[in-house]
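Everything below concerns the one structure shown next.
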Amino acid sequence: MRITCPYCGTRDVVEFTYQGDATVTRPDPASTDQAAWNAYVYDRANPAGKHSELWQHSGGCRAHLVVERDTVSHVITSVAFAGIKPNPARTTTPKRKSPARKAATRGKAAS
Ligand SMILES: [Zn+2]
4 MRITCPYCGT RDVVEFTYQG DATVTRPDPA STDQAAWNAY VYDRANPAGK HSELWQHSGG
64 CRAHLVVERD TVSHVITSVA FAGIKPNPAR TTTPKRKSPA RKAATRGKAA S
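So in our numbering, spot 29 of the sequence shown is number 32, and the numbers just go up one at a time.
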């Protein structure tokens, strides 16, 4: 399986670490509803088909990603940075800063 990191491009799955179900939502931290906390910690669906998963590009840029993957065919339909609203444009090859622009940015940060 290969995952296309929005920043680094297409990489083998060995560079990534699976971090769980991306559809789980954390209860309100002030909540004392034990059933809600139990469901948040332990209850997971095991779908055969499309699934939204969290992965970290641990062997690369270390970005956290939301990967939409079919658990049967392993076909990945989208990859986006976690915490950022999915944008189809982010699933394509990333735009990188040119070396000259990187140098200019570094110069600004130093001054
Ligand atoms: Zn990456």
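Heads up, the beta-carbon is just placed ideally off N, CA and C, and yes, glycines get one too. Only a predicted model underlies this, so the values are computations on that prediction, with no experimental measurement involved.
A42: first and last residue of the uninterrupted beta strand (DSSP E) it sits in: By one-based count along the sequence shown, residue 42 stands at place 39. Not the beta strand (DSSP E): A42 falls in the alpha helix (DSSP H), residues 37-45.
Contact check, F19 vs S81 under 8 Å by CB: the rounded distance? Taking the first residue of the sequence shown as position 1, residue 19 is located at position 16. Taking the first residue of the sequence shown as position 1, residue 81 is located at position 78. Contact flag wrong, Cβ pair sits at about 15 Å.
Find out if the Cβ-Cβ distance for the pair I6, W40 is shorter than 8 Å. Counting from 1 along the sequence shown, the entry for residue 6 is found at position 3. Counting from 1 along the sequence shown, the entry for residue 40 is found at position 37. Going by C-beta atoms, I6 is not nearer than 8 Å to W40.
C-alpha distance - S114 paired with T28, whole-angstrom precision: Translated into positions along the sequence shown, residue 114 becomes position 111. Translated into positions along the sequence shown, residue 28 becomes position 25. Residue confidence is low: S114 scores 46 on pLDDT, short of 50, so the model does not pin down where it sits. No coordinate-derived value is stated.
For V69 and S55, believed in contact at Cβ under 8 Å, the rounded distance: For this step, residue 55 is matched to residue 52 along the sequence shown. For this step, residue 69 is matched to residue 66 along the sequence shown. About 6 Å separates the two Cβ atoms, so the contact holds.
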